[in-house]
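In what follows, a structure is listed as structure tokens, so that the remarks can point back to it.
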Amino acid sequence: MKLNRSTVQRIVIGISGGIAAYKTVGVIRELQKRGYRNIETILTANGARFVTPVTLGAITGKVPYTDTFESGRALSHISLVQPCGILAVVPATANTVAKFSGGIADDFLSTAYLACTGPVLVAPSMNAEMYRHPVTVRNLTQLKKDGVHVLDPDAGYLACGTEGPGRMPDSEIVADMIEYAMHRHIGGPFSGKKVLVVSGGTAEPVDPVRTLTNRSSGRMGKALAEAFALAGAEVEVIAGTGTVRYPAYCPLTRIETASQMLDAVLEKATEADIVVMAAAVADYTPAKPEDEKKKKDKNDLKLELKPTVDILKTLGSRYAGSKILVGFAAETSNVTEYAKKKLTEKKADLIVGNQVGVPDSGFGAEKSRGTLVSRDGTVEPFNTVRKDELAFHIAAKVAAMMELN
Ligand SMILES: Cc1cc2nc3c(=O)[nH]c(=O)nc-3n(C[C@H](O)[C@H](O)[C@H](O)COP(=O)(O)O)c2cc1C
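My numbering puts the first residue of the sequence shown at 143, with every later residue one more than the last.
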């Protein structure tokens with residue numbers, strides 16, 4: 143089985159006349175970065191006052207739809223959305239939300255909404271009072287009942303100079319929610335399965351201002367969370383240190399130390415069908431962290447360290463045979479050998495041996511090379527693949543192990 147982002151389906155972006163329309167260009171660029179090239183746009187007449195058809199045409203390579211009665215494109219309010227991967231209205235004005243909720247079809251966007259056979263997402267964005275108005279609340283409630291994905295706006299400083307709910311979330315978050323809604327509709331082998339992804343590094347306190355940590359960025363964990371979720375799973379993430387932003391559709395628990403990670407993992411693993419330990423967990427922690435900041439002096443400093451609890455091993459001893467356990471081994475040498483050893487010692491189902499300490503693989507790198515070692519004895523080397531591709535490949539291997547399709 144091969145798993146991937148489903149990038150071939152058409153994404154239709156509707157843009158109505160709200161101030162956040164300037165951000166929609168960023169959302170389209172973000173989707174394009176993720177490989178979605180089949181993007182069409184619909185612009186309301188008032189939307190066109192905020193962002194021009196020229197801009198949208200230039201970035202998508204396709205002329206936006208603006209007029210239901212445009213000669214030569216009549217009936218495209220139907221063909222555009224029957225079928226489509228998703229219709230996402232970004233931003234959705236109070237007016238457009240009201241029209242959708244009431245079934246008014248008096249322009250291209252509202253008519254296409256009624257005709258749409260794919261999933262629909264709206265990102266309402268407006269002044270806080272407009273958003274809180276009982277009519278808007280009622281209309282959004284109705285849209286949710288009608289099966290529309292409503293992306294709640296952020297609260298914060300609004301273009302009108304006031305503070306409150308109504309801000310359109312950042313482009314990456316909107317793009318996350320669009321691709322998630324689209325993939326939920328498509329389904330996938332992991333539908334109904336729960337996956338716990340543990341990601342990033344840990345930071346062990348030396349004193350109140352210093353920690354012992356590692357170079358993990360969380361990139362691989364993020365890619366795995368995306369791959370399993372886009373392949374249908376309910377994914378939860380536990381993350382330590384690292385710079386990545388995790389997908390907006392995954393509940394996220396933040397931890398710092400190896401011991402906090404252990405507690406969080408043991409609590410959340412009970413519910414999971416699959417646990418993916420992609421975290422770089424400290425093997426040792428300071429035995430006696432100082433209560434006060436350690437002062438500098440001229441003497442050498444010796445730090446006493448004690449071993450931490452091995453999280454994957456603990457999971458293996460509790461859940462081998464009842465849950466699928468995927469572990470990672472970051473190694474500077476003998477990657478395959480160590481991965482095989484780890485698989486047996488930790489009672490895991492799959493170990494991803496990762497080459498670290500080289501520029502094109504491992505911590506922080508976009509790519510990775512190493513070996514996949516499975517419990518059935520298969521050893522599969524991989525050479526400098528992108529972490530997102532590797533994540534989908536790992537998900538496909540797990541699906542095959544579980545005989546899911
Ligand atoms: C400068 C300006 C900014 C506006 N921003 C918003 C907004 O953020 N959200 C909203 O719901 N309406 C906003 N409006 C009002 C809408 O443009 C108006 O309700 C319009 O009828 C919406 O048309 P449409 O939904 O067909 O695009 C704004 C109007 C102006 C003049």
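Heads up, the beta-carbon is just placed ideally off N, CA and C, and yes, glycines get one too.
In terms of alpha-carbon separation, which member of L263, F211, I220 and T235 lies closest to L228? According to the sequence provided, residue 228 is Ile. The question's Leu does not apply to it. The shortest C-alpha separation from I228 is found at L263.
Just to confirm my understanding: we take T253, look at its own chain, exclude 5 residues before and 5 after, and list those with CB closer than 8 Å. What are they? T210, H219 and A247
Need the endpoints of the beta strand (DSSP E) that E432 sits in, please. It is not in any beta strand (DSSP E) - E432 carries neither H nor E in the DSSP assignment.
Out of curiosity, what's the CA-to-CA distance linking V292 and P266? 7 Å
Would you check if the distance between the CB atom of P295 and the CB atom of G303 is smaller than 7 Å? no
Ligand 1: which residues have Cβ under 6 Å from any of its heavy atoms, chain order? S158, G159, G160, I161, A162, T186, N188, G189, T235, A236, N237, T238, S267, M268 and M272
Contact the segment 377-394 vs the segment 434-448: 3+ CB pairs below 8 Å: no
Should E409 be labelled buried (16 or more other beta-carbon atoms within 10 Å of its own) or exposed? exposed
Run through the DSSP bridge pairs and tell me what Y299 is partnered with. E305
Would you kindly work out how many angstroms separate the C-alpha atoms of E346 and A411, rounded to a whole number? 23 Å
For T478, which of E522, A421, A236 and L285 has the nearest alpha-carbon? E522
Give me the residue from I161, E434, Y322 and A240 with the minimum Cα distance to L300. I161
Going straight from the alpha carbon of G499 to that of V239, what length do you get? 52 Å
Taking a contact to mean a Cβ-Cβ separation below 7 Å, would you say S341 touches A421 in this structure? yes
Under a three-way DSSP split, which group does Y255 fall into? helix
Per DSSP, I228 is paired with what? I153
Opening and closing residue of the alpha helix (DSSP H) in which E172 lies: A163 to K175
Check each candidate in E305, G199 and A187 and name the one with the smallest Cα separation from N237. A187
Close-in-space but distant-in-sequence residues of the same chain around K435 (CB under 7 Å, 5 per side omitted): D349, P350 and V351
Rounded to the nearest angstrom, what separates Q284 and C258 at their Cα positions? 17 Å
Of the residues P311, P261, G298 and H275, the one placed nearest D288, counting alpha carbons only: P261
Please confirm whether V154 and C226 have their CB atoms less than 7 Å apart. yes
Any beta strand (DSSP E) of 3 or more consecutive residues that is wholly inside the segment 449-479: 466-473
Ignoring anything shorter than 4 residues or poking outside the segment 339-387, list the alpha helix (DSSP H) runs there in chain order. 361-372
For G495 and K488, what's the separation of their Cα atoms in angstroms? 14 Å
Return the residue from the list M362, T344, N356 and A429 that minimises the CA-CA distance to E398. T344
Taking 7 Å as the threshold (C-beta atoms), are A424 and A450 in contact? Inspection of the sequence shows that residue 450 is occupied by Thr rather than by Ala. Contact: yes.
In terms of DSSP beta bridges, what is V494 paired with? F470 and L514
Short of 6 Å in beta carbon distance, which residues of its chain neighbour K241, apart from the five on each side in sequence? Order them along the chain. S252
For R396, which of helix, strand or coil comes out of DSSP? strand
Name the one or two DSSP bridge partners that V527 has. S510
Those residues which DSSP pairs with P266 across a bridge: A234
Could you have a look at Y273 and say whether DSSP puts it in helix, strand or coil? helix
Alpha carbon of N356 to alpha carbon of V417, nearest angstrom: 22 Å
Helix, strand or coil for Y207? Go by DSSP, reduced to three states. strand
Using the DSSP secondary-structure output, state which residues sit across from H291 in a beta bridge. L263
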